[in-house]
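In what follows, a structure is listed as structure tokens, so that the remarks can point back to it.
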Amino acid sequence: DDLLPNIEAAEEGDGGLRISRSSLAGYDSECLRVLWPALAARARVVMDRRGTHRAAEFTIRGATGGAIQLSGGVEIVMGRDDMLLRRWRSAQNEARA
11 DDLLPNIEAA EEGDGGLRIS RSSLAGYDSE CLRVLWPALA ARARVVMDRR
61 GTHRAAEFTI RGATGGAIQL SGGVEIVMGR DDMLLRRWRS AQNEARA
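Each number in the numbering used here comes from the position in the sequence shown (counting from 1) with 10 added on.
So this is what it looks like as structure tokens:
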């Protein structure tokens, strides 16, 4: 929790959380495995151990435009300047939007 004030994150209208990539830069995998569950909690998401590990690795090695799916219907999408943690949108939901 002491590190969270240093992380730029904004809640989205749909319940997602947009996190600045630059504010996560420089953290190693171990630190990111502590940060991600705390960030996810702000979006009312509970991350399991495997999802926490995947999110940390994706933060370090992910490419712009990439995405990973986590358990519970959640995904993290990598943008140029930010990462978006949100409920996964199925093709059916996209068609309705």
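All C-beta atoms in this analysis are idealised placements derived from N, C-alpha and C, irrespective of residue type, glycine included.
A quick note: this is a predicted structure, and the numbers were derived from the prediction, not measured.
Item to check | Paired residues, beta bridge with Asp92 - DSSP | outcome: For the purposes of this step, residue 92 is taken as residue 82 along the sequence shown, with counting starting at 1. Answer by DSSP bridge pairing, in chain order: Ser30.
Next on the checklist: If you reduce the DSSP assignment to three classes, tell me which class Glu104 lands in.
Outcome noted: Taking the first residue of the sequence shown as position 1, residue 104 is located at position 94. A caution first: Glu104 carries a pLDDT of 49, below 50, which makes its placement in the model too unreliable to give a value.
Checklist entry - For Leu34, does the count of other Cβ atoms within 10 angstroms reach 16, so buried, or fall short, so exposed? => result In the sequence shown, the residue the question calls residue 34 occupies position 24. Looking at its Cβ environment, which holds 16 or more other Cβ atoms inside 10 Å, Leu34 is buried.
Checklist entry - Which value, in whole angstroms, describes the spacing of the CA atoms of Arg59 and Ile29? => result For the purposes of this step, residue 59 is identified with residue 49 of the sequence shown, where counting begins at 1. For the purposes of this step, residue 29 is identified with residue 19 of the sequence shown, where counting begins at 1. Approximately 20 Å between the Cα atoms of the pair.
Checklist entry - From Arg71 to Ala48, what distance separates their C-alpha atoms? => result Translated into the one-based positions of the sequence shown, residue 71 becomes position 61. Translated into the one-based positions of the sequence shown, residue 48 becomes position 38. The straight-line gap from Cα to Cα measures roughly 20 Å.
Item to check | Proximity winner among Gly26, Glu18, Gly89, Ala19, relative to Val56 (alpha-carbon distances) | outcome: Working through the sequence shown from its first residue, we reach residue 56 at position 46. Among Gly26, Glu18, Gly89, Ala19, the Cα nearest to that of Val56 is on Gly26.
Next on the checklist: Using 8 Å for Cβ pairs, my map puts Gly75 next to Met88. What's the rounded Cβ distance?
Outcome noted: Residue mapping note: residue 75 aligns to position 65 of the sequence shown, counting from 1. Residue mapping note: residue 88 aligns to position 78 of the sequence shown, counting from 1. The Cβ separation is near 7 Å, so the contact holds.
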